[in-house]
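If you're matching positions, the sequence shown starts at 0 in numbering that gives the first Met the number 0 and goes up one per residue.
Glycine included, C-beta positions come from ideal geometry on N, C-alpha and C.
For reference, the structure is listed below as structure tokens.
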Amino acid sequence: MKKRAVFIFLISISFFPYNSFAQYINIRQWQANYAFTNPAFTGISNSPRICADYEQIFPKFNPGTRIYELHYDQRISPKTGFIGVSYMYDVAGPVQTRQSAGLHYAYSFKLNEKMTLRAGASASFVHADIDTSKVISATKEDFPTNMNGGFFGFGTVLTYKNIFAGLSAFNYSGDFRTKKANGNNTFTGNFSLQTGGFFPVNNSNPKSTVIAPHIMIIGVPRNILVVPGVNVNKGIFTGGLSYRLYTYGDGLAFLAGVSKGWVKAGYTCDFLFTDARSAFSGSHQLSLTIYPGRISEENKTGLPYYFRKMGF
């Protein structure tokens, strides 16, 4: 049992940039959590938005990793931009718990009638507690009992009609930076690219069947994650399929979502193609998004409309 606990701990550390910064959530439904991958997406739906997520990773490990996340963002005004706040709590098996709280901000610049440039920044504080009693006694002295630090990021998003392309970079601070042999900190962070679009089958009717291809790339030290996928929406229903290319094994994720008026909900499960797929497959995510504010006429078309309706 102790060996299993240590294994879960080591796996959670290897996925740390995704777990504690919600990046791991976003490889499945990143458009529902866009501020975490790129702060320039903050408030892109142009209306107040509350998003809650639950994810269970490696469920065949007992209890595996569980993530709880809550996010809120809204447009302040055309002159002052968009703001968002977030909180996340996750449990990595019986060994480690983490909490993070973040602040996100974005501003948009209209370049012409069809093109907009968005820029954003975010800062998150993270605290982790480690139960060293669950670690094998011969190695537990190598692990701290707690870790503190932050993530600071900047990003840009260029939009053209219903197409978007984003680039962001994050820097880890405090205990979450790696160290050289001489004890000096080295730069540790990640970068992320996101691009995609929403294409109605019937251009004369933007509310007809919509196909939304997308691709996201996340790079962290010594690892890279590539996630191409496509979502399809018809009426209130959205279905999606994405493929994950990652150092720890490729995977296939399936999405089912429903959106009606001021509420949107989605479910995602995945299957990993690895030698240990019996242990790692079957991760699950549930998301619920609520739009409590009034939707203006200008937000009933274009990117704000599509992100609100089928952004999972």
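Limits of the unbroken beta strand (DSSP E) element including residue i
i      : result
Arg293 : Segment: none, Arg293 is in no beta strand (DSSP E) and carries neither H nor E.
Tyr88  : Gly80 to Ala91
Leu102 : Gln95 to Lys109
Thr267 : Val262 to Phe272
Asp128 : Met114 to Ile129
Lys206 : Run containing Lys206: none; DSSP gives neither H nor E here.
Gly250 : Asp249 to Lys259
Exposure of residue i, with buried meaning 16 or more beta-carbon neighbours within 10 Å
i      : result
Val156 : buried
Asp128 : exposed
Ser203 : exposed
Arg307 : buried
Ile75  : exposed
Gly313 : The chain is shown only over 0 to 311; residue 313 falls outside these bounds and no answer can be derived.
Ile56  : buried
Asn232 : buried
Pro303 : buried
Leu244 : exposed
Phe236 : exposed
Gly234 : exposed
Boundaries of the alpha helix (DSSP H) in which residue i is found, first to last residue
i      : result
Pro303 : Gly301 to Met309
Straight-line gap, residue i to residue j (C-alpha atoms, nearest Å)
i      : j      : result
Gly248 : Leu224 : 10 Å
Gly80  : Asn201 : 33 Å
Asn170 : Ala51  : 25 Å
Lys113 : Thr158 : 8 Å
Arg48  : Gly42  : 8 Å
Ala168 : Asn189 : 6 Å
Gly182 : Gly265 : In this prediction, Gly182 has a pLDDT of 49, which is less than 50 and means its spatial position is unreliable; nothing more can be read from the coordinates.
Asn161 : Thr144 : 47 Å
Val84  : Val209 : 30 Å
Gly301 : Gly165 : 17 Å
Asn45  : Pro38  : 14 Å
Gly148 : Asp89  : 16 Å
Gly154 : Pro227 : 20 Å
Leu110 : Thr96  : 44 Å
Met87  : Ser107 : 27 Å
Identified DSSP bridge partners for residue i
i      : result
Ile56  : Thr64
Gly195 : Phe163 and His213
Lys233 : Phe236
Ile49  : Tyr71 and Ile289
Pro227 : Ile214
Ile43  : Ile43 pairs with nothing; no bridge assigned.
Val156 : Arg117 and Gly165
Asn37  : None, per the DSSP bridge assignment.
Can you confirm whether the segment 186-196 touches the segment 69-76 when touching is taken to mean that 3 or more C-beta pairs between the two stretches lie within less than 8 Å?
The segment 69-76 vs the segment 186-196: no contact.
Is it the case that the segment 283-296 contacts the segment 202-217, given that we only count it when at least three CB pairs across the two stretches are under 8 Å?
The segment 202-217, when compared against the segment 283-296, does not touch it at the 8 Å Cβ threshold.
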